[in-house]
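**Student:** Position 7 of the sequence shown, counted from 1, bears residue number 19 in the working numbering, the numbering being contiguous throughout.
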Amino acid sequence: MSLEIEKRDNALIVRVYGEFDLRAAEFHRHDIDEKFRTQGAKHIIFNLGGLTFIDSSGLGVILGRYRKVTENGGRVAITNVPPRFNRILELSGVNRLIPVYDDEAEALRELA
Numbered sequence: 013m014s015l016e017i018e019k020r021d022n023a024l025i026v027r028v029y030g031e032f033d034l035r036a037a038e039f040h041r042h043d044i045d046e047k048f049r050t051q052g053a054k055h056i057i058f059n060l061g062g063l064t065f066i067d068s069s070g071l072g073v074i075l076g077r078y079r080k081v082t083e084n085g086g087r088v089a090i091t092n093v094p095p096r097f098n099r100i101l102e103l104s105g106v107n108r109l110i111p112v113y114d115d116e117a118e119a120l121r122e123l124a
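(1) Give the straight-line distance between the Cα atoms of S2 and T50, rounded to the nearest whole angstrom.
(2) Skipping 5 residues on each side, what residues in its chain have a beta carbon closer than 7 angstroms to that of D115?
(3) Work out the CA separation of E31 and T64 for me, nearest whole Å.
(4) Output the distance between the C-alpha atoms of D21 and E122, rounded to the nearest integer angstrom.
(5) Compute the beta-carbon to beta-carbon distance between I66 and I100, rounded to the nearest angstrom, for a pair I have assumed lies under 8 angstroms.
(6) Would you tell me roughly how many angstroms separate the C-alpha atoms of I25 and L60, rounded to the nearest one?
(7) For my contact list, A119 and A89 are in at a C-beta cut-off of 8 angstroms; report their separation, rounded to the angstrom.
(8) Go ahead and pull the three-state DSSP assignment for N98.
In structure tokens form, the structure reads like this:
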């Protein structure tokens, strides 16, 4: 798995590519936290457009960032969810906590 992380406005955009599994989660959790801390972002947007697989560890990273960000007054959003992963977000309840948007532009407008 790889990440592309970009700060835009007051949001950190995390673009996920490949398999978001246990190994990737352990490796990238700290990358996301470090970028969030050092770049002065208030919100995080997870763009899942390049996702090919996600397990509970990957969901755990998203939910863990949700907890950290919301504790500090920020919000988290998810965008570009491939259709085959919508059901996973529903069954896990992630979509009840974190709003899902069609694209980054829509999420940025809502978080502004």
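For every residue, glycine included, the Cβ atom is placed at its ideal position computed from N, Cα and C.
For clarity, every value in this text was computed on a predicted model and none was experimentally measured.
**Tutor:** From the atom records:
(1) This structure does not reach residue 2, given that the chain is present from 13 up to 124, and the question cannot be answered.
(2) Correct list, in chain order: T91, N92.
(3) So the two alpha carbons sit approximately 5 angstroms from each other.
(4) Here the alpha carbon of D21 sits roughly 12 angstroms from the alpha carbon of E122.
(5) Beta-carbon to beta-carbon, I66 and I100 are separated by about 6 angstroms, close enough to satisfy the 8 angstroms threshold.
(6) If you draw a straight line from the Cα of I25 to the Cα of L60, it comes to about 11 angstroms.
(7) Confirmed, Cβ separation roughly 4 angstroms.
(8) In the structure shown, N98 sits in a helix (DSSP, three-state: H, G or I).
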